[in-house]
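When we follow this note's numbering, the leftmost residue of the sequence shown carries the number 55, and every step to the right adds one. All C-beta atoms in this analysis are idealised placements derived from N, C-alpha and C, irrespective of residue type, glycine included. The next block holds one structure in the form of structure tokens; read it before the comments.
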Amino acid sequence: MEQIAKEQPRRWQVVTVLGDSMFPTLRDGDQVLVARSKRFRPGQIVMFHDPSFRLAIKRLQSCELESWFVEGDNQENSIDSRNYGLVSESDIQGVVLMRLWPRPGGVS
């Protein structure tokens, strides 16, 4: 499962990815820029609190009554909605906008 090295309550955050559940889009050690948001759409990569209250990063797949089905891009190595069910929109902390380091670029 993706975990975040640190959490900072700001509009923009730089966080470090831990784990390979979002490989190849995001890799262990990548630093990403996360923007707080309340508007989401399928295909976005988001940071959220998982059921054990740890921060995680996954891709939004579908929405049902303000709850989202999330999956890691590396489905063979991801604990996600297939394991713990839907994620409430209120648990989503923000949208991953881009990779900053060591491989700057988009995350589509």
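What whole-angstrom Cβ distance do residue i and residue j have, given they're in contact under 8 Å?
i    : j    : result
Q147 : F94  : That belief does not hold up - the Cβ atoms of Q147 and F94 are roughly 11 Å apart, past 8 Å.
V141 : S135 : 7 Å
E120 : E143 : 5 Å
With a threshold of 8 Å on Cβ separation, who are the neighbours of residue i within its own chain once the five nearest residues in sequence on each side are excluded?
i    : result
V161 : T79, L80, V86, I99, V150, L151, M152, R153
R157 : R81, D84
V88  : W66, Q67, V68, V69, M101, Q147, G148, V149, V150, L151
L114 : F94, R95, P96, G97, Q98, I99, V100, W122, F123, V124
Near residue i, which residues of its chain fall below 6 Å by C-beta distance, leaving aside the five closest residues on each side in sequence?
i    : result
R90  : R65, G148
D145 : F102, H103
N137 : none
What are the start and end residues of the alpha helix (DSSP H) that includes residue i?
i    : result
R136 : 135–138
What are the boundary residues of the beta strand (DSSP E) that residue i is part of?
i    : result
V150 : 146–155
Q: Could you say if the segment 63–80 and the segment 126–135 meet the contact criterion of at least three C-beta pairs nearer than 8 Å?
A: yes
Q.
Going residue by residue through the segment 57–140, where are the continuous beta strand (DSSP E) segments of at least 3 residues, counting only ones entirely within it?
A. 66–72, 85–89, 99–103, 109–118, 121–125
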